[in-house]
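Chemist:
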Amino acid sequence: MLVNLVIIFIGVITFLFIFWKRLKEDYSSEIIFKAAFLILAVLTLFSMLGSKFLSGWLFFIETTSILIGVLIATMRLKVRFFETLEAAVVGLMPWLSLFFLADSVSASSLSSFFGFLAVLILIFVFYYLDVHYKNFGWYTSGKIGFSGITTIALIFLLRSLVAIMGISVLSFVSQSYEAIISGSIAFICFLVLYNLGRQ
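In structure tokens:
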């Protein structure tokens with residue numbers, strides 16, 4: 078219980094800092110933190126309901142809650158969708174890595190440890206893409222959103238591949254469902270990315 082509280086505290090502080098740092102050039106601190114707390118509030122609500130009624134689907138419920146939180150922030154606070162989504166994704170990834178690390182220690186889970194390493198690698202991938210995506214000749218639009226959508230696609234593609242390989246990981250629904258759902262989400266993300274590149 079204490080470990081979970083520590084992870085939540087560190088996760089929230091890290092999220093708020095990264096979220097603010099990503100958006101501080103375009104919005105006032107008041108708007109940024111309103112959006113951040115709105116996303117966290119929706120995430121917390123969905124997490125509580127998911128834990129109580131659909132614990133097996135918690136990862137997808139929480140993922141959906143982040144998207145809903147960003148959509149609400151976009152409509153109420155007039156922030157840009159993809160920019161805010163990117164800030165939320167990269168802000169929440171260190172938090173996710175901490176959950177994997179804690180599970181790998183408490184449950185002596187090798188798969189959770191690999192999950193922790195995978196998230197760290199994806200954080201690096203996000204920042205690499207964020208710096209270089211405008212130099213990609215095939216991404217002609219240069220629109221914001223490439224780094225975030227690509228990272229989300231890679232997360233779900235990786236989950237799908239791991240499920241197909243039959244490796245059980247924290248937050249998986251089931252091997253068959255996980256492969257289909259995560260693969261479908263990854264495909265949708267790549268379609269969104271293709272559409273962004275064409276605009």
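Going by the numbering used here, the sequence shown opens with residue 78, and the numbers climb by one from there.
Where is the CB? At the ideal position from N, CA and C, for every residue including glycine.
List the endpoints of the continuous alpha helix (DSSP H) containing R99.
Modeler: 79 to 100
Chemist: Assuming I143 contacts L115 under a Cβ cut-off of 8 Å, what Cβ separation, rounded to an integer in Å, is found between them?
Modeler: That belief does not hold up - the Cβ atoms of I143 and L115 are roughly 11 Å apart, past 8 Å.
Chemist: Measure from the alpha carbon of A256 to the alpha carbon of each residue in C266, I221, I241, F86, then state which is nearest.
Modeler: Closest by alpha carbon: I241.
Chemist: Is the CB of V166 under 8 Å away from at least one CB in chain C?
Modeler: Considering every chain present, this structure includes no chain C. It has just one protein chain.
Chemist: As an exercise, report each continuous alpha helix (DSSP H) stretch of at least 4 residues that is fully enclosed by the stretch 198 to 256, in chain order.
Modeler: 223 to 241
Chemist: Have a look at K98 and I108 and give me their C-alpha separation to the nearest angstrom.
Modeler: 13 Å
Chemist: Just the Cα atoms here: how many angstroms apart are V182 and K111?
Modeler: Distance from the CA of V182 to the CA of K111, rounded to the nearest whole angstrom, comes to 35 Å.
Chemist: So for K111, helix, strand or coil by DSSP?
Modeler: helix
Chemist: Would you identify the three-state DSSP class for L126, choosing helix, strand or coil?
Modeler: helix
Chemist: Reducing DSSP to helix, strand and coil, say where S188 ends up.
Modeler: helix
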